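> Here you go, one structure.
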Amino acid sequence: MNIQVGFISYGLDRSPGGIGRYMKEMLAILPHKEVEVTTLHAGRTQSHNGTVSLPGAKLLPGLLTIGQIEIGLVVKQQNLDIIHDSTGCIPLMFAGTKRVATIYDVIPYIYPETSSKLDWLIYRFWLPKVVHHIDAVFTISQQSKQDIMKYLKVKPEKIFNMSCAANSTYQPMTRIQINPILRKHGINFPYILYVGSIEARKNLKRLLESFALLLKQLPQAQLVIVGAKKWKFTPIFETVQRLNLESHLHFTGYIPDEDLPAIYNGADVFVFPSLYEGFGLPVLEAMACGTPVITSNISSLPEVAGKAALYVFPKNIQEITDAMYRLLTDSALADDLRTRGLTQAKKFSWEKTAQETIAVYKQICSL
């Protein structure tokens, strides 16, 4: 008999980021295994087959208040064995069944100045009170597991690392395939690429300062920044103006997933000097497309990139500059990283993550 799982999703009616991709991938693969999934949608989407709407939880505070009661009612109505919260907020106090939550990182503890007030309140006051009452915590890297143990005091045997992976659409493409997508978004060859949200934690101010130094050596260089504006982004655009970078930069805004493989493929270098990542999915996506990667030597990023990236200390502007210059001028190094990256990306798969997820579901259901 299949395990009946209620999977809480939030924000899939909007442009998904890293957490949204985790939700989408898990919802795509879990129902094909030994579980039957009912999606508890906390958002603006209407209910349909296999989906139950939580009308009181369209905003995150609602998910943590009236949404708590709604979830408990749905568990009884649907006769669920497990409720799995993939939002990282753990609105499970009245679930009345086995409870699993995915906590992706604990950034508000490590970089509180880069987090919103709501995130700060959730991590400082809410999670410490509720996380010990659930049956299992999923996270996405060993680094995040260590941080959850440290800051939320969760026992290690209760935490399970469920790594992310690049979707199968991320793969090498030809120029003929990618050219129409680049034209669509106004991107011209050659270019350096960053993909991710535009916010303080992503270290974009230092990336821009590094890029300004690079222009002194390679004055024709271009930097394409793909991503939506998130939290505390104003200083990033002030840095662009201060350094007079407008003519060498292209901010595309959010780009849908179906166009991203082409944009990764077209780049000469992918640079991702984030201050902290629970996983850093864009690194794997770039590698899966055969694009050489520069990334940070801290948090989970070395765990994800392995020996397939050029590493920098993200607070050292000159290191970032030197790494970009090396990859743009050393074709042998770039080719080596392309080959290594393709191999590294294949070490991660959503299929494996789904199998490991189901194994934990079975484990806690047997208790």
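Counting the sequence shown from 1 gives a position; the working numbering is that position plus 30. In this text, a Cβ means the ideal position worked out from N, Cα and C, and glycines have one as well. What you are looking at is a predicted structure, and each value in this text was computed from that prediction instead of being measured.
Name the one or two DSSP bridge partners that H114 has.
On the sequence shown, residue 114 is found 84 positions in, with the first residue counted as 1. According to DSSP, which records beta bridges pairwise, H114 is partnered with F37 and V130.
> Within the same chain, show all residues whose beta-carbon is closer than 8 angstroms to that of I350, passing over the 5 residues directly before and after it, in chain order.
Residue 350 sits at position 320 when you count from the first residue of the sequence shown. The answer, listed in chain order, is R236, L237, S240, V301, P303, I324, V342 and P344.
> DSSP three-state label for Y139, please.
Here residue 139 corresponds to residue number 109 of the sequence shown, with the count starting at 1. Helix, per DSSP.
> With respect to the beta strand (DSSP E) encompassing V65, which residues constitute its N-terminal and C-terminal limits?
Translated into positions along the sequence shown, residue 65 becomes position 35. That run of the beta strand (DSSP E) goes V65 to A72.
> Within the same chain, show all residues whose beta-carbon is closer than 7 angstroms to that of M317, passing over the 5 residues directly before and after it, in chain order.
Stepping through the sequence shown from its first residue, residue 317 is reached at position 287. These residues qualify, in order along the chain: V323, A338, G371, L372, Q374 and A375.
> Since I believe Y355 is in contact with L244 (beta carbons under 8 angstroms), could you give me their beta-carbon distance rounded to a whole number of angstroms?
Position 214 of the sequence shown, counted from the first residue, corresponds to residue 244. Position 325 of the sequence shown, counted from the first residue, corresponds to residue 355. About 6 angstroms; that satisfies the 8 angstroms criterion.
> Please classify Q76 as buried or exposed, where buried requires at least 16 neighbouring CB atoms within 10 angstroms.
Here residue 76 corresponds to residue number 46 of the sequence shown, with the count starting at 1. Since pLDDT at Q76 reaches only 49, below the 50 mark, its modelled position is unreliable, and the value read off the structure follows with that caveat. Looking at its Cβ environment, which holds fewer than 16 other Cβ atoms inside 10 Å, Q76 is exposed.
> Are I133 and I178 close, meaning C-beta to C-beta below 7 angstroms?
Within the sequence shown, the letter at position 103 stands for residue 133. Within the sequence shown, the letter at position 148 stands for residue 178. Their beta carbons are under 7 angstroms apart, which means I133 touches I178 by this criterion.
> I want to know whether the segment 117-131 touches the segment 151-166 - three or more CB-CB distances under 8 angstroms.
yes
> Got a sec, what are the start and stop residues for the beta strand (DSSP E) Q255 sits in?
Looking up residue 255 in the sequence shown gives position 225. As written in the sequence, residue 255 is Ile, which differs from the Gln given in the question. Per DSSP, I255 belongs to the beta strand (DSSP E) from L253 to V256.
> How is K259 classed by DSSP in three states: helix, strand or coil?
Within the sequence shown, the letter at position 229 stands for residue 259. The three-state secondary structure of K259, taken from DSSP, is strand.
> So, using beta-carbon positions, are A335 and V313 closer together than 7 angstroms?
As a working mapping, residue 335 is identified with position 305 in the sequence shown. As a working mapping, residue 313 is identified with position 283 in the sequence shown. Against a cut-off of 7 angstroms, the Cβ pair of V313 and A335 comes out as a contact.
> Can you name, in chain order, every residue of its own chain whose Cβ lies under 6 angstroms from the Cβ of I328, other than the five neighbours on each side?
For this step, residue 328 is matched to residue 298 along the sequence shown. Result list for I328: empty, nothing under 6 angstroms.
> Take L212 and list the residues in its own chain whose beta-carbon comes closer than 6 angstroms to its own, dropping the five residues that flank it on each side.
As a first step, residue 212 must be located in the sequence shown, where it is residue number 182. So the list reads G296, once near-sequence residues are dropped.
> Kindly indicate which three-state DSSP category I217 falls into: helix, strand or coil?
Within the sequence shown, numbered from 1, the residue matching residue 217 stands at position 187. Looking at I217 - three-state DSSP - the assignment turns out to be coil, as it is neither helix nor strand.
> I need the boundaries of the alpha helix (DSSP H) containing L234, first residue and last residue.
Position 204 of the sequence shown, counting from 1, holds the residue named residue 234. Element bounds for L234: L234 to Q247.
> Strictly by DSSP, which residues pair up with E283?
Within the sequence shown, numbered from 1, the residue matching residue 283 stands at position 253. Strictly speaking, residue 283 in this sequence is Gly, with Glu absent from that position. Bridge partners of G283: V256.
> Where does N191 fall in DSSP's three states?
Translated into the one-based positions of the sequence shown, residue 191 becomes position 161. N191 falls in the strand class under three-state DSSP.
> Is there contact here, the segment 32-42 with the segment 106-123, by at least three beta-carbon pairs under 8 angstroms?
yes
> Per DSSP, which residues does I222 bridge with? Please list them.
Working through the sequence shown from its first residue, we reach residue 222 at position 192. In DSSP, I222 forms a bridge with L253 and V299.
> Cα separation between A384 and M56?
As a first step, residue 384 is located in the sequence shown; it is residue number 354 there, counting from the start. As a first step, residue 56 is located in the sequence shown; it is residue number 26 there, counting from the start. Cα-Cα distance, rounded: 7 angstroms.
> Which complete alpha helix (DSSP H) runs does the segment 304-374 hold, if anything under 4 residues is left out?
311-318, 331-335 and 347-359
> To which residues of the same chain is Y153 closer than 7 angstroms at the C-beta, ignoring the five residues directly before and after it?
As a first step, residue 153 is located in the sequence shown; it is residue number 123 there, counting from the start. Result list for Y153: V136, P138 and Y139, in chain order.
> Can you find the residues in the same chain that come closer than 7 angstroms, C-beta to C-beta, to F281, ignoring five residues on each side of it along the sequence?
The residue given as residue 281 occupies position 251 in the sequence shown. For F281, where only same-chain residues beyond five positions count, the Cβ hits under 7 angstroms are I255.
> Ignoring anything shorter than 4 residues, give me the alpha helix (DSSP H) runs that lie fully in the segment 143-186, in order along the chain.
147-151, 157-160 and 172-182
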